[in-house]
Amino acid sequence: MADAGVPLTGDGILVERARAGDRQAFGELYDCYAALIYRHAYCIVGDRQGAEDLTGQTFLQALQAIDRYEERGIPFRVWLLRIARNLATNHWRSRRNHLSGNNGSENGGPFPSPELLCEAKQLGEEVWRAVRHLRGDQRQVIILRFLDGLSYADVAQVLGKSIGAVRVIQYRALSALRRALEDGDLAHTRLGSGRLSRSA
Amino acid sequence: MPTLALALADCLEALEGNPADLEACIAKYSGHQEELDALLHVAKTLKEPPVKAVPRDGFLDDLRSTLMKKFPPNHATGGETE
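Just so you know, the sequences run in chain order A and B. Just so we're aligned, residue 1034 is where the first sequence starts under my numbering, counting upward by one. Just so we're aligned, residue 20 is where the second sequence starts under my numbering, counting upward by one.
Next up, the structure:
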């Protein structure tokens, strides 16, 4: 519940209305964040069916737990992303437990599907394909920062780490992506081709 | 390495805020200029989300309908009707 004297944001007002029984308020929260959660889920699991399942489970859990959400200190979208992260973590843990061998899944990530391998024709696609091979915490930081646009503070809240740790993980993740891309065909045509363009 | 992590975070904030400040930011870390350039280039490519990160037609609407039906009956006292 909101504390007296602490003003609620737009999301906070919608949450209060949803708790009071206003179904439309929950619908408005869904409309605000469904695409974001789907995009996040897709980049975590790497396929459409998995992304749809994770998005649905995230909002279902949010619906069931909305009475326990406290706006103070954590924005609603960060709370949603934390739910998605926990669900994804449980999903991969369960999947690992069912694998007889440890075929490269120790990083907590899926294998890229043939469909994804075929579609990776642009640099952005190649980079995102490489993201799916990062360690779990590195993949999460890249997705939360660059796809979801979260601040360091919000990423730290989702992952339960310090801001300094998030910065270090970000550095390691980008370094790993650089190495991965330099090991591929892009090495000499894109990433190794001189200084960063600053026009963007 | 923490120094480089901080330098990278600093320059990424410049890139996200005012790209014109990026040159000055990188110049502050002259010993790491080449590595920062390469890492920032990778970061720029991440601004373009994967093509298939867009949901198929109808998925979000279908999920919305499903969630609205699951809204607890004792809560369904206000808002939209279906």
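Cβ coordinates follow ideal geometry from the N, Cα and C atoms, glycine included.
Item to complete: Compute the Euclidean distance between the alpha carbons of Phe-1058 (chain A) and Gln-1173 (chain A), then round it to the nearest angstrom.
Response: Taking the first sequence and counting its residues from 1, one reaches residue 1058 (chain A) at position 25. Taking the first sequence and counting its residues from 1, one reaches residue 1173 (chain A) at position 140. According to the sequence as given, residue 1058 (chain A) is Ala; it is not Phe. Straight-line Cα distance between these residues: approximately 29 Å.
Worksheet item: So, is the C-beta of Gly-1157 (chain A) closer than 9 Å to a C-beta in chain B?
Response: As a working note, residue 1157 (chain A) is residue 124 in the first sequence. By this cut-off, Gly-1157 (chain A) is an interface position.
Practice prompt. Answer yes or no: does any C-beta atom of chain A fall closer than 9 Å to that of Ala-46 (chain B)?
Written response: Reading the second sequence from its first residue, position 27 is the one you call residue 46 (chain B). Output row for Ala-46 (chain B): interface = no.
Worksheet item: Thinking C-beta only, is Phe-78 (chain B) closer than 9 Å to Leu-1096 (chain A)?
Response: By 1-based counting over the first sequence, the position of residue 1096 (chain A) is 63. By 1-based counting over the second sequence, the position of residue 78 (chain B) is 59. For Leu-1096 (chain A) and Phe-78 (chain B), no; Cβs fall outside 9 Å.
Discussion item. Taking the straight line between their C-alpha atoms, what separation do you get for Tyr-1204 (chain A) and Ala-1213 (chain A)?
Written reply: For the purposes of this step, residue 1204 (chain A) is identified with residue 171 of the first sequence, where counting begins at 1. For the purposes of this step, residue 1213 (chain A) is identified with residue 180 of the first sequence, where counting begins at 1. For Tyr-1204 (chain A) and Ala-1213 (chain A), the distance between alpha carbons rounds to 14 Å.
Fill in: Counted within 10 angstroms of its Cβ, other Cβ atoms place Pro-38 (chain B) as buried (16 or more) or exposed
Along the second sequence, read from residue 1 onward, the residue named residue 38 (chain B) stands at position 19. Label assigned to Pro-38 (chain B): exposed.
Discussion item. On the DSSP letters alone, give me the boundaries of the alpha helix (DSSP H) that Ile-1202 (chain A) sits inside.
Written reply: Here the question's residue 1202 (chain A) lines up with position 169 in the first sequence. Run containing Ile-1202 (chain A): 1196–1216, per the alpha helix (DSSP H) assignment.
Item to complete: Evaluate Gln-1082 (chain A) with the Cβ neighbour count: other Cβ atoms within 10 Å of its Cβ, from every protein chain shown; 16 or more gives buried, anything less gives exposed.
Response: Taking the first sequence and counting its residues from 1, the one referred to as residue 1082 (chain A) is at position 49. Label assigned to Gln-1082 (chain A): exposed.
Discussion item. Please state the DSSP three-state secondary structure of His-1124 (chain A).
Written reply: To locate residue 1124 (chain A), count along the first sequence from 1; it is residue 91. Helix at His-1124 (chain A).
Worksheet entry | Nearest candidate by alpha-carbon position, reference Ala-62 (chain B), set A:Leu-1210, A:Asp-1170 and A:Arg-1056 | Counting from one through the second sequence, the residue named residue 62 (chain B) turns up at place 43. Nearest C-alpha to Ala-62 (chain B): A:Leu-1210.
Discussion item. On the CB-based measure, 16 or more other CB atoms within 10 Å of its CB, does Lys-47 (chain B) come out buried or exposed?
Written reply: Here residue 47 (chain B) is taken as the residue at index 28 of the second sequence, counted from 1. Looking at its Cβ environment, which holds fewer than 16 other Cβ atoms inside 10 Å, Lys-47 (chain B) is exposed.
Practice prompt. Closer than 7 Å by C-beta to Glu-1085 (chain A): which residues in its own chain qualify, once you throw out the five before and the five after it? Chain order, please.
Written response: For the purposes of this step, residue 1085 (chain A) is taken as the residue at position 52 of the first sequence. So no residue of the chain qualifies.
Practice prompt. Find out if the Cβ-Cβ distance for the pair Asp-1100 (chain A), Arg-1056 (chain A) is shorter than 9 Å.
Written response: As a first step, residue 1100 (chain A) must be located in the first sequence, where it is residue number 67. As a first step, residue 1056 (chain A) must be located in the first sequence, where it is residue number 23. Not a contact, by the Cβ cut-off of 9 Å.
Fill in: chain A residues whose Cβ lies nearer than 9 Å to that of Ala-33 (chain B)
Residue 33 (chain B) sits at position 14 when you count from the first residue of the second sequence. Under the 9 Å cutoff, chain A gives no residues; its nearest Cβ is about 10 Å from Ala-33 (chain B).
Worksheet item: If you measure from the beta carbon of Leu-1113 (chain A) to each beta carbon in chain B, is any gap under 9 Å?
Response: Translated into positions along the first sequence, residue 1113 (chain A) becomes position 80. Cβ-Cβ to chain B under 9 Å: no for Leu-1113 (chain A).
Worksheet item: chain B beta carbons: is any one of them nearer than 9 Å to that of Asp-1064 (chain A)?
Response: Walking along the first sequence from the start, residue 1064 (chain A) turns up at place 31. Interface residue, yes.
Fill in: Within chain B, partners of Val-1174 (chain A) - CB distance below 7 Å
Along the first sequence, read from residue 1 onward, the residue named residue 1174 (chain A) stands at position 141. Residues of chain B passing the Cβ test: none, with the nearest at roughly 11 Å.
Worksheet item: Listing by chain order, which chain A residues have their CB less than 7 Å from the CB of Ala-43 (chain B)?
Response: Along the second sequence, read from residue 1 onward, the residue named residue 43 (chain B) stands at position 24. The contacting residues do not exist; Ala-43 (chain B) stays about 11 Å from chain A at best.
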